[in-house]
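**Q** So in the UniProt record's numbering, spot 144 of the sequence shown is number 144, and the numbers just go up one at a time.
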Amino acid sequence: MATKSKVGLFNKELVGQALKDSFIKLNPVTLIKNPVIFLVAVGAVLTTVLVFIQIAQGKLSSFDLQITFWLWVTVLFANFSEAVAEGRGKAQANSLRSGRTQAKAFKLVGTARIEVPATDLKKGDVVVCQTGDVIPSDGEVIEGIASVDESAITGESAPVVRESGGDRSAVTGGTKVISDRIVIRITAEQGNTFIDRMISLVEGAQRQKTPNEIALSILLAGLSLVFLLTVATLPAFFGYSLEASGLAADQNLSIPVLISLLVCLIPTTIGGLLSAIGISGMDRLLQRNVIATSGRAIEAAGDVDVLLLDKTGTITLGNRMATNFVPADGVMVEELANAAQLASLSDETPEGRSIVVLAKEKFNIRSREVQEMNLTFVPFTAQTRMSGVDFLNEKNETISIRKGAADAIRQLVQGLGGQYPESVNAAVLQLAQQGATPLVVAQGNKVLGVVHLKDVVKGGIKQRFAELRQMGIRTVMITGDNPLTAAAIAAEAGVDDFMAEAKPEDKLQRIRDEQANGRLVGMIGDGTNDAPALAQADVGIAMNSGTQAAREAGNMIDLDSNPTKLIEVVEVGKQLLMTRGALTTFSIANDVAKYFAIIPAISVALYAKANGVGMLSALNIMHLGSPESAILSAIIFNAIIIVLLIPIALKGVAYKPVSASEALLRNLLIFGLGGLVTPFVGIKIIDLIINF
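Printed below as a string of structure tokens:
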């Protein structure tokens with residue numbers, strides 16, 4: 001599947017299907033969901049009935065026929081805009097479907113492996129997948145480690161590692177094991193797998209209107225109702241004026257003219273494009289390989305004013321590398337390197353491997369086999385904040401080597417009656433102030449020195465944070481590092497605030513505190529311990545490579561598992577809000593020109609003198625050819641502008657990271673002023689063509 005493959009705005013297949021769907025959407029049950037366009041459709045039905053009556057009486061008016069035609073075109077164009085947006089989502093869904101296979105599964109029943117169809121699997125079943133097997137359904141690795149090809153989901157061919165017991169244990173049905181063996185516990189019922197939910201989401205079947213969209217729909221419906229009542233009273237006023245002026249009653253406003261006036265007064269442009277804007281927002285996010293569980297999440301991303309970002313992998317490259325050994329006074333650097341390498345032999349983290357490599361490169365200390373020395377490794381835990389190794393020396397004495405956080409090693413050494421050297425303390429402080437991570441190594445109650453671990457801040461991240469600051473978004477770095485290290489990296493990266501030595505409950509409390517102050521919070525995470533914070537955040541982005549708990553807690557899933565994607569999500573959310581605001585501004589501004597086209601035209605019988613100049617002539621600034629051509633030109637422009645604005649609704653307005661006041665000013669200048677000028681030019685050109 002290729003969520004990254006973009007569907008053209010108007011390719012032949014998409015347009016053909018959208019045209020068919022435009023007629024299907026004429027169903028009143030569907031139309032009534034959009035009150036503005038429903039009102040236009042009711043007007044089109046009324047004029048259609050009138051035209052058939054005229055045909056039956058042999059008095060067909062070509063003017064009424066043309067009005068009827070363009071009213072139906074307006075409704076169809078509005079339906080077309082929504083159908084095109086939905087069609088792009090369906091194309092993505094078809095791509096997803098084509099990537100699915102009817103896999104077989106090897107289910108574990110006791111110690112026996114039974115081959116069953118993947119469709120027979122239920123939540124809680126345990127299956128075994130080996131090299132070449134397609135993972136039959138969503139699940140969590142409970143045993144083993146393997147390389148998995150997730151190109152069916154992410155579009156990326158590079159394999160990823162999935163393993164038990166960590167934050168990279170979730171696997172997705174339809175992906176393929178390309179090496180080793182894993183045991184998986186199924187976590188989804190059939191029909192509710194990740195791909196099934198993706199298909200439903202991108203097709204728009206589960207799209208719910210967002211709060212802002214609902215509010216705008218109510219506003220548009222209210223404006224339409226006001227104009228409907230206004231237009232409905234006009235025949236009575238005109239009838240009274242005609243009688244008072246001694247004019248014939250048959251010169252009163254006709255039903256087609258009244259409906260034309262109503263359609264031009266109500267905000268049909270934004271009414272026709274509103275649904276397409278919402279659907280295309282999800283589509284643009286999908287093109288960035290992010291799945292949103294609802295449009296509400298995308299909209300919330302546009303309103304976010306606080307971003308919580310993990311340091312490792314988001315702000316920094318993530319793999320801290322050993323760059324130097326700093327021995328304590330009286331300790332040979334080779335002795336420190338040898339001890340650090342021994343303590344790191346079983347450490348499969350990038351940091352541990354880099355210590356082994358550095359000791360070998362700098363001092364030619366070869367990495368030893370565990371079996372040769374009868375080593376007993378002590379794993380790292382969050383409680384001890386250290387790891388190490390125990391072994392017997394030639395004198396049959398137990399030697400204990402530990403490496404870990406400076407304060408943890410200090411407590412260990414002092415608890416064993418040793419001294420914590422001042423030189424080591426000074427080295428720790430100096431490295432921490434530089435933004436590095438000091439890892440202290442001790443043998444027994446003797447401190448040997450410090451391993452210098454460096455985590456590099458990503459290139460360009462400081463500029464991205466500056467852009468977010470321009471938009472009024474405050475960034476907060478979250479890290480488990482000590483405060484000095486956190487402060488140095490925060491200063492280098494350019495974040496506004498940081499949380500050091502943060503635990504899962506600290507993240508959750510920070511989000512709650514920010515929300516209590518009226519702020520919308522975005523966060524990104526991948527572990528089970530991130531799930532509470534992801535669920536609490538207004539925008540919680542879970543990594544696809546993370547645990548099932550994290551994926552279920554977030555309201556977005558990043559298929560690429562790229563922690564910096566949060567910034568792109570915010571940009572898409574803001575672009576969605578800006579697009580909706582821009583086209584609303586354009587639509588309302590459009591109406592001004594239509595007033596100047598239609599009001600003089602419908603009032604000519606009452607207020608024009610014999611020479612054609614009357615009390616309302618000052619409003620006829622466009623000098624349109626005739627009353628009939630003026631009304632037709634306004635109606636035609638009203639229909640055509642919907643189609644012309646579809647590309648903007650689907651692609652979104654050009655986005656720039658500026659403050660809200662600058663964005664508003666830009667919006668008014670481009671779409672407000674453009675909305676005023678464009679219809680004057682467009683209606684005049686259409687009028688010239690009609691009269692020609």
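Glycine is no exception: its CB is placed at the ideal position from the N, C-alpha and C atoms.
Please name the residue, chosen from Lys-33, Ile-648, Gln-341 and Ile-686, that lies closest to His-623 on a Cα-to-Cα basis.
**A** Nearest of Lys-33, Ile-648, Gln-341 and Ile-686 to His-623, Cα basis: Ile-686.
**Q** Give the straight-line distance between the Cα atoms of Glu-13 and Leu-286, rounded to the nearest whole angstrom.
**A** C-alpha separation (whole angstroms): 20 Å.
**Q** Give me the residue from Ile-279, Ile-409, Ser-179 and Asp-196 with the minimum Cα distance to Asp-149.
**A** Residue Ser-179 is the option with its Cα nearest to Asp-149.
**Q** Could you tell me if Asp-481 is buried or exposed, where buried requires 16 or more neighbouring beta carbons within 10 angstroms of its beta carbon?
**A** Buried is the call here.
**Q** Taking the alpha-carbon positions, what's the Ala-339 to Ile-401 distance?
**A** Distance between the alpha carbons of Ala-339 and Ile-401 is about 7 Å.
**Q** Report the partner residues of Ser-400 according to the DSSP bridge assignment.
**A** DSSP output for Ser-400 lists Asp-390 as bridge partner(s).
**Q** Flag this pair as yes or no: are the beta carbons of Leu-108 and Val-134 separated by less than 9 Å?
**A** No, they are not a contact pair.
**Q** From Ala-244 to Pro-256, what does the alpha carbon distance come to, in whole angstroms?
**A** C-alpha separation (whole angstroms): 24 Å.
**Q** Can you tell me whether Gln-371 is buried or exposed? The criterion is at least 16 other CB atoms within 10 Å of its CB, across all chains shown.
**A** Residue confidence for Gln-371 is low, a pLDDT of 48 falling below 50, so the modelled location carries little weight and cannot support an answer.
**Q** How would you label Glu-571, buried or exposed, when you count the other beta carbons within 10 angstroms and need 16 or more for buried?
**A** Looking at its Cβ environment, which holds 16 or more other Cβ atoms inside 10 Å, Glu-571 is buried.
**Q** Does Trp-72 come out as helix, strand or coil in the three-state DSSP assignment?
**A** Correct three-state label for Trp-72: helix.
**Q** In chain order, what are the residue ranges of uninterrupted alpha helix (DSSP H) at least 4 long that sit wholly in the stretch 244-310?
**A** You should have 255-265, 268-287 and 295-303.
**Q** Please tell me whether Ser-260 and Ala-634 are closer than 9 Å, where the distance is taken between their beta carbons.
**A** Yes, these two residues count as a Cβ contact at 9 Å.
**Q** Among residues of its own chain, excluding the 5 on either side of Ile-621, which ones have a beta-carbon nearer than 7 Å to its beta-carbon?
**A** Only Phe-596 meet the Cβ criterion.
**Q** Kindly list the residues whose CB is nearer than 8 Å to the CB of Val-495, restricted to its own chain and excluding five residues on each side of it in sequence; keep chain order.
**A** Closer than 8 Å at the Cβ level, and outside the excluded window around Val-495, lie Leu-309, Ile-315, Phe-465, Thr-475, Val-476 and Met-477.
**Q** Nearest to Ser-561 by CA position, among Asn-555, Ile-524 and Pro-532, is which residue?
**A** Among Asn-555, Ile-524 and Pro-532, the Cα nearest to that of Ser-561 is on Ile-524.
**Q** How big is the Cα-Cα spacing for Glu-163 and Leu-577?
**A** Approximately 40 Å, taken between the alpha carbons.
**Q** Tell me whether the beta-carbon of Asp-138 lies closer than 9 Å to the beta-carbon of Thr-187.
**A** Yes. Within cutoff.
**Q** Please return the same chain residues whose Cβ sits closer than 6 Å to the Cβ of Met-556, not counting the five positions on each side in sequence.
**A** Here the set comprises Val-290, Ala-292, Ala-297 and Ile-541.
**Q** Quick check on Arg-366: buried or exposed, where buried means 16 or more other Cβ atoms within 10 Å of its Cβ?
**A** The residue is exposed, with fewer than 16 neighbouring Cβ atoms inside 10 Å.
**Q** Buried or exposed: Thr-579, going by 16 or more other Cβ atoms within 10 Å of its Cβ?
**A** Buried, because 16 or more other Cβ atoms sit within 10 Å of the Cβ of Thr-579.
**Q** Can you tell me whether DSSP reads Leu-429 as helix, strand or coil?
**A** Reduced to three states, the DSSP call for Leu-429 is helix.
**Q** Let me make sure I understand the geometry here. Which of Val-569, Gly-518 and Gly-418 has the alpha-carbon closest to that of Asn-445?
**A** It is Gly-418.
**Q** Curious, which full-length alpha helix (DSSP H) runs of at least 4 residues does the UniProt domain "P-type ATPase A" (104-203) contain?
**A** With a minimum length of 4 residues, the continuous alpha helix (DSSP H) runs that stay inside the UniProt domain "P-type ATPase A" (104-203) are 151-154 and 194-202.
**Q** Within the continuous alpha helix (DSSP H) that includes Phe-637, where are the two ends?
**A** Note, Phe-637: alpha helix (DSSP H), 627-644.
**Q** Could you give the C-beta distance for Ala-276 and Ile-646, rounded to a whole number, given that I count them as a contact under 8 Å?
**A** About 7 Å; that satisfies the 8 Å criterion.
**Q** In the DSSP assignment, the beta strand (DSSP E) including Asn-691 goes from what residue to what residue?
**A** Not the beta strand (DSSP E): Asn-691 falls in the alpha helix (DSSP H), residues 673-691.
**Q** With contact counted as at least three CB pairs below 8 Å, one residue from each stretch, are the stretch 484-502 and the stretch 261-274 in contact?
**A** No: the two stretches stay apart, fewer than three of their Cβ pairs being nearer than 8 Å.
**Q** Would you mind sorting Thr-398 into buried or exposed? The rule is 16 or more other CB atoms within 10 Å of its CB.
**A** Exposed, since its Cβ has fewer than 16 Cβ neighbours within 10 Å.
**Q** Compute the beta-carbon to beta-carbon distance between Val-413 and Leu-342, rounded to the nearest angstrom, for a pair I have assumed lies under 8 Å.
**A** Rounded, the Cβ-Cβ distance is 18 Å, inconsistent with contact.
**Q** When you compare only the Cα positions, how much space is there between Gly-222 and Leu-31?
**A** Taking the straight line joining both Cα atoms gives about 17 Å.
**Q** Expressed to the nearest angstrom, what Euclidean distance is found between the alpha-carbon atoms of Gly-522 and Ser-659?
**A** About 18 Å.
**Q** Excluding the 5 residues flanking Ala-44 on each side, which residues of the same chain have their C-beta closer than 7 Å to its C-beta?
**A** Answer for Ala-44: Thr-68, Leu-71, Trp-72 and Val-75, listed in chain order.
**Q** At which residue ranges does the stretch 428-497 contain complete beta strand (DSSP E) runs of 3 or more residues, listed in the order of the chain?
**A** List check, beta strand (DSSP E) in window: 437-443, 446-454 and 474-478.
**Q** How far does the alpha helix (DSSP H) with Thr-579 in it extend, from its first residue to its last?
**A** Its alpha helix (DSSP H) spans residues 565-602.
**Q** Is Val-447 near the ligand PLP, with its Cβ less than 8 Å from a heavy atom?
**A** Among the components modelled here there is no ligand, and therefore nothing to report on the ligand PLP.
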